[in-house]
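Before any comments, here is the structure.
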Ligand code: EPU
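In our numbering, the protein residues as written are -3 to 454.
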């Protein structure tokens, strides 16, 4: 798959297959500068939106990550031409010849990502039918798609579940709906937006997700010609239009990656300037970072600013926090921060309320010497929908604990980055297996680590 994408776009560097194990000699602070580009969780969705348009789209600041490569492959299979633009990180999409792709070809992407489910609306509008392979993504909970399918059926889609994937058709086109999400799911909100913008009539979505990546997707769709109103109280109203054009867009920066480097600075007693990080998208993270004792400084200079994050002269302090939908503390910020909390004085509590099973990675941290216990109870205040269901979704972290080197196996993207940070913070040589998974969401992470002074080798 990699080689076919390289032939088509030459956007993705052709890398010789290397060992999937990174040897980390930890114990030194990470210091220096890294740059973050467009947010993975917007860029991949904006790429899907190009299919809805009838003219070319351009996107800047696209990171070279595996998820972008996977979506590129899917778009190309459906006849969208994807070519590099004249600037570094620019991609151009030409959707003038969207066509049906074979099930076998699409199934090459089975299990690779969760993005294919978002192609339903765009393909139904362009072709009248769609095939969606089995989804992949991180194993952090059940990750059902019931909201997606229920909404699509209400729009008028016929959905057939087959062993090889989902077959969808829309014999009478898609029609606007009134829909209430039981939980403000990011993916389901995107699904409904991508289906509603070209559906006949008005769609009213209540209890929608309003993450900055969703608002940025709405900006993309508006540039294409959509009419979308974001009301108070998580209500989004979409007036369907018959035709959409292309867009030119610079995505919001990746606030998950930015926070990952910030947590790496704290955990390793380092000092990292994250060029491209934007305060407005990270307010909740910055508040917690400051409560722990971390120092930061926002640089808004016109030459392209960022945020400098550093470890204080004194000790870190324990905190209690819970993950939540926006504007709460992002679930994806949790894992790298927990490594830093293992170095803070006292008992920290992290209550995960977005995914039921996102603490599996703490076992490896415990083997490295971190003092972490995971509980089924909703610890730290508000009961959540996972209470009394038997999911171990609250963690208590006692610190500071001395971390020692260990062999680690990376389980998923964000957990993987936290394992890497732990290996950086630990004295001695760790072998981190499965590091290629990190390429899914972190561009050139090895180059960035080396630039920060990390002692790493394949
Ligand atoms: N949910 C349902 N039914 C559905 C859809 C979701 O019950 O039909 C539940 C999920 O089980 C979960 C909760 O709703 O408990 C939230 O899931 P959501 O749909 O919001 O997540 P997602 O769209 O699958 C995106 C990001 C995740 C990020 C979450 C929350 C992408 C590709 N993924 O996932 O990012 O954690 O929103 O912000 O945008 C990552 O980047 O590593 C990552 C996992």
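All C-beta atoms in this analysis are idealised placements derived from N, C-alpha and C, irrespective of residue type, glycine included.
So what's residue i in DSSP terms, helix, strand or just coil?
i, result
"residue 175", "strand"
"residue 341", "strand"
"residue 31", "strand"
"residue 281", "helix"
"residue 420", "helix"
"residue 12", "Because residue 12 sits at a pLDDT of 49, beneath the cut-off of 50, its placement in the model cannot be relied upon, and the following sentence gives the value as read from the coordinates. If DSSP states are grouped into helix, strand and coil, residue 12 belongs with coil."
"residue 212", "helix"
"residue 287", "helix"
"residue 264", "coil"
"residue 2", "With a pLDDT of 38 at residue 2, under the threshold of 50, the predicted position of this residue should be treated as unreliable, and no value is reported."
"residue 37", "helix"
"residue 184", "helix"
"residue 447", "helix"
"residue 137", "coil"
"residue 452", "strand"
"residue 207", "coil"
"residue 247", "coil"
"residue -3", "Confidence is the limiting factor: at residue -3 the pLDDT is only 33, short of 50, which leaves the residue's position unreliable and the question unanswerable from this model."
"residue 425", "strand"
"residue 117", "helix"
With a threshold of 7 Å, establish whether the CB of residue i neighbours any heavy atom of the ligand EPU.
i, result
"residue 205", "yes"
"residue 37", "yes"
"residue 278", "no"
"residue 327", "yes"
"residue 45", "no"
"residue 115", "no"
"residue 383", "no"
"residue 437", "yes"
"residue 409", "yes"
"residue 142", "yes"
"residue 356", "no"
"residue 181", "yes"
"residue 252", "yes"
"residue 351", "yes"
"residue 230", "no"
"residue 191", "no"
"residue 430", "no"
"residue 195", "no"
"residue 138", "yes"
"residue 153", "no"
"residue 255", "no"
"residue 184", "yes"
"residue 380", "no"
How close, in whole Å, do the beta carbons of residue i and residue j come, if the pair is a contact with beta carbons under 8 Å?
i, j, result
"residue 449", "residue 27", "6 Å"
"residue 248", "residue 257", "Residue 248 to residue 257, Cβ: 16 Å. No contact."
"residue 91", "residue 47", "6 Å"
"residue 55", "residue 42", "6 Å"
"residue 144", "residue 194", "Not quite, the Cβ-Cβ distance comes to about 17 Å (not below 8 Å), so this is no contact."
"residue 312", "residue 339", "6 Å"
"residue 325", "residue 284", "6 Å"
"residue 243", "residue 109", "Contact flag wrong, Cβ pair sits at about 22 Å."
"residue 113", "residue 183", "7 Å"
What do you get for residue i, buried or exposed, if any count of 16 or more other CB atoms within 10 angstroms of its CB means buried?
i, result
"residue 410", "buried"
"residue 369", "exposed"
"residue 453", "exposed"
"residue 437", "buried"
"residue 82", "exposed"
"residue -3", "Unreliable placement is indicated for residue -3, whose pLDDT of 33 sits below 50; the coordinate value is still reported in the next sentence. Residue -3 should be labelled exposed."
"residue 135", "exposed"
"residue 363", "exposed"
"residue 199", "buried"
"residue 444", "buried"
"residue -1", "No answer about residue -1 holds up, because its pLDDT of 36 lies below 50 and its placement is not dependable."
"residue 261", "buried"
"residue 229", "exposed"
"residue 297", "exposed"
"residue 1", "Note on residue 1: pLDDT 39, under 50, position unreliable in the model; the coordinate value appears next. By the 10 Å Cβ count, residue 1 comes out buried."
"residue 227", "exposed"
"residue 99", "exposed"
With C-beta atoms as the reference, is residue i less than 8 Å away from residue j?
i, j, result
"residue 420", "residue 280", "no"
"residue 415", "residue 399", "no"
"residue 289", "residue 266", "no"
"residue 44", "residue 190", "yes"
"residue 38", "residue 209", "yes"
"residue 127", "residue 60", "no"
"residue 201", "residue 175", "yes"
"residue 487", "residue 334", "Lying outside -3 to 454, the shown extent of the chain, residue 487 is not represented and no answer is given."
"residue 164", "residue 125", "yes"
"residue 302", "residue 341", "no"
Would you say the beta carbon of residue i comes nearer than 7 Å to a heavy atom of the ligand GTP?
i, result
"residue 110", "As far as ligands go, the structure on display features the ligand EPU and does not contain the ligand GTP."
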